[in-house]
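Notes follow the structure.
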Amino acid sequence: MLSRRIPILLIALCLNSAIVAAQENLPIQWQTSPQIAASMTERTHRPILIYFTAEQCVYCRKLERSTWSQPEVASNVSRHFVALKVDGGAQPELASKMKVAGFPAVVVLSPEGKELARVTGYVAAETMQEKLCPFIPQNGETVRNVSSETRSDSM
Numbered sequence: 001m002l003s004r005r006i007p008i009l010l011i012a013l014c015l016n017s018a019i020v021a022a023q024e025n026l027p028i029q030w031q032t033s034p035q036i037a038a039s040m041t042e043r044t045h046r047p048i049l050i051y052f053t054a055e056q057c058v059y060c061r062k063l064e065r066s067t068w069s070q071p072e073v074a075s076n077v078s079r080h081f082v083a084l085k086v087d088g089g090a091q092p093e094l095a096s097k098m099k100v101a102g103f104p105a106v107v108v109l110s111p112e113g114k115e116l117a118r119v120t121g122y123v124a125a126e127t128m129q130e131k132l133c134p135f136i137p138q139n140g141e142t143v144r145n146v147s148s149e150t151r152s153d154s155m
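Using the working numbering, you'd call the opening residue of the sequence shown number 1 and step up by one each time.
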């Protein structure tokens, strides 16, 4: 019975976090240097959210217009992640190292560098919130170690 309540509680906490975040309306402050993002993660102990994009990528522009620009998504990313934006055309070695085969792609890494989640292709703001919610600390806790079952691949 308790195991059924835990997912509902998690969803409620994530929704509460989204409501508070939407009220703050923070834009995403993308880092473009992997070295700076790594040092920020080391200093803040927040996970890195890496957004792989490409100049001629239509779905990347759609993700930027309709997902990253949504106040609740932007605020949660800004408050709980170190946001790194990588141009896969300009930095193909990093895309290759992270096994990114197409754009857009989002990879979330723990502060220790372990892959926590991967989202490929365009996703709407609500779906992005659902994918990122397990990695948003609740009540002052730090990012949990997440099993491979929680890791998400989309589209």
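The beta carbon of each residue, even a glycine, is placed where N, CA and C say it ideally should be.
Here the C-alpha atom of GLU112 lies approximately 21 Å from the C-alpha atom of GLN29.
One thing to note: PHE52 has its Cβ within 8 Å of the Cβ of ALA95.
When the five nearest sequence neighbours on each side are left out, the beta carbons in the same chain lying within less than 7 Å of the beta carbon of PRO34 are those of LEU84, LEU94, in order along the chain. DSSP, read as helix, strand or coil, puts GLN138 in coil. The DSSP-derived three-state label of TYR122 is coil.
The DSSP assignment places complete alpha helix (DSSP H) segments of no fewer than 4 residues inside the stretch 42–82 at 58–63, 71–80, in order along the chain. Residue environment analysis places ARG65 among the exposed positions, since fewer than 16 neighbouring C-beta atoms fall within 10 angstroms of its C-beta. Here GLN31 carries a strand assignment [DSSP, helix/strand/coil].
The C-alpha of ARG61 is placed about 31 Å away from the C-alpha of ARG43.
Here the alpha carbons of PRO27 and ALA74 stand approximately 5 Å from one another.
The three-state secondary structure of GLU112, taken from DSSP, is coil. Of the residues assessed, THR41 falls on the buried side of the cut-off, its CB having 16 or more other CB atoms within 10 angstroms. Relative to THR67, the option among SER110, ILE136, LYS131, GLN138 whose CA is nearest is LYS131.
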